[in-house]
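Report on the following structure.
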Amino acid sequence: MMTLVVGVPDSGKSALAESLAVEQSEGEKRIYIATMIPFGEEGQRRVEKHRKLREGKGFFTVEAPVNVAESVKDLPEIGDATCLLECVSNLVGNVMHEGNSEDGAVVESVVSDIRALRGLCKNLVVVTNSFPLEGEGYDDDTRRYARLIMKVNEALRGLADKTFEYVDGEWREDERN
Numbered sequence: 335m336m337t338l339v340v341g342v343p344d345s346g347k348s349a350l351a352e353s354l355a356v357e358q359s360e361g362e363k364r365i366y367i368a369t370m371i372p373f374g375e376e377g378q379r380r381v382e383k384h385r386k387l388r389e390g391k392g393f394f395t396v397e398a399p400v401n402v403a404e405s406v407k408d409l410p411e412i413g414d415a416t417c418l419l420e421c422v423s424n425l426v427g428n429v430m431h432e433g434n435s436e437d438g439a440v441v442e443s444v445v446s447d448i449r450a451l452r453g454l455c456k457n458l459v460v461v462t463n464s465f466p467l468e469g470e471g472y473d474d475d476t477r478r479y480a481r482l483i484m485k486v487n488e489a490l491r492g493l494a495d496k497t498f499e500y501v502d503g504e505w506r507e508d509e510r511n
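For the record, in the sequence shown the residue sitting at position 26 is 360 according to the numbering used here, with numbers rising by one throughout.
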């Protein structure tokens, strides 16, 4: 089962996703796949914040800024595990800067990687951001980044069995039949 959690920054996505992963794992193995490359003090603070949120919840952490499926495929417990992938927006940025210059290649790389991850584990909870496409002060690269995240999120909605989306200050659940 794949659950997608979509929200704006600081909407509580991580807490919701962790709660869903713990619930779905039913006491089985929990794997947290971290995609963030922490730059500077702010990056380190965000990593620490997320580590503290996960504390005591039984997550084994794998750092995987790209190639998330490849990073966990050889773990012996992967087939029975619930994986929490955080965050797609970091993954998109990492893939963009890894040398995939065309938009279609970035979207395909991220979506196919997550599709492969979905096939490896029992449950997958995926966290992603939503951003406005036109923000104040956005340069061309930032607009492109927001557009690519939107395209990836669109594709992930099609893969997800359940989607939680932060809309107008509240979480809304959509379950695919």
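Glycine included, every Cβ here is placed at the ideal spot set by N, Cα and C.
Here the structure is a predicted model, which is why all the values come from computation and not from measurement.
Practice task
Take the Cβ of Asp-447 as the centre, count every other Cβ of all protein chains shown within 10 Å, and call the residue buried at 16 or more, exposed below.
Solution key: buried
Handout entry: Spatial neighbours of Ala-450 in its chain, beta-carbon cut-off 6 Å, leaving aside the 5 residues before and after
Key = Ala-403
Handout entry: For Leu-490 and Val-460, believed in contact at Cβ under 8 Å, the rounded distance
Key = 6 Å
Problem - Burial state of Thr-314, where buried means 16 or more other Cβ atoms lie within 10 Å - result: Because the chain is modelled from 335 through 511, residue 314 falls outside the range shown and cannot be assessed.
Practice task
Give the C-beta separation of Ile-483 and Phe-498 to the nearest angstrom, bearing in mind that I take them to be a contact with Cβ-Cβ under 8 Å.
Solution key: Contact flag wrong, Cβ pair sits at about 17 Å.
Problem - Which of helix, strand or coil DSSP assigns to Gly-346 - result: coil
Practice task
Output the distance between the C-alpha atoms of Gly-392 and Gly-471, rounded to the nearest integer angstrom.
Solution key: 41 Å
Practice task
Reducing DSSP to helix, strand and coil, say where Ile-483 ends up.
Solution key: helix
Exercise for the section: Below 6 Å CB to CB, which residues in the same chain sit around Ala-439 once its five sequence neighbours on both sides are set aside? Expected result: none
Exercise for the section: Count the other C-beta atoms from every protein chain shown that fall within 10 angstroms of the C-beta of Val-501, then say buried if there are 16 or more, exposed otherwise. Expected result: With fewer than 16 other CB atoms across the displayed protein chains lying within 10 angstroms of its CB, Val-501 is exposed.
Practice task
Can you give me the start and stop residues for the beta strand (DSSP E) that Asp-514 sits inside?
Solution key: The question about residue 514 has no answer, for the chain in this structure spans 335 to 511.
Exercise for the section: Measure the CB-CB distance between Ser-345 and Leu-387 and report whether it falls below 8 Å. Expected result: no
Problem - Per-residue DSSP class, three states only, for Leu-338 - result: strand
Exercise for the section: Quickly, what does DSSP pair Tyr-366 with across the bridge? List them, please. Expected result: Thr-395, Leu-418
Problem - Residue of Ile-367, Val-486, Lys-363 minimising C-alpha distance to Gly-413 - result: Closest option to Gly-413, Cα to Cα, is Lys-363.
Problem - Supposed contact pair Tyr-366 and Val-426 - C-beta distance, whole angstroms, cut 8 Å - result: Incorrect: roughly 19 Å between the Cβ atoms, too far for contact.
Exercise for the section: Consult DSSP for Lys-496 and reduce its assignment to one of helix, strand or coil. Expected result: strand
Exercise for the section: Output the boundary residues of the beta strand (DSSP E) element that contains Val-459. Expected result: 457-463
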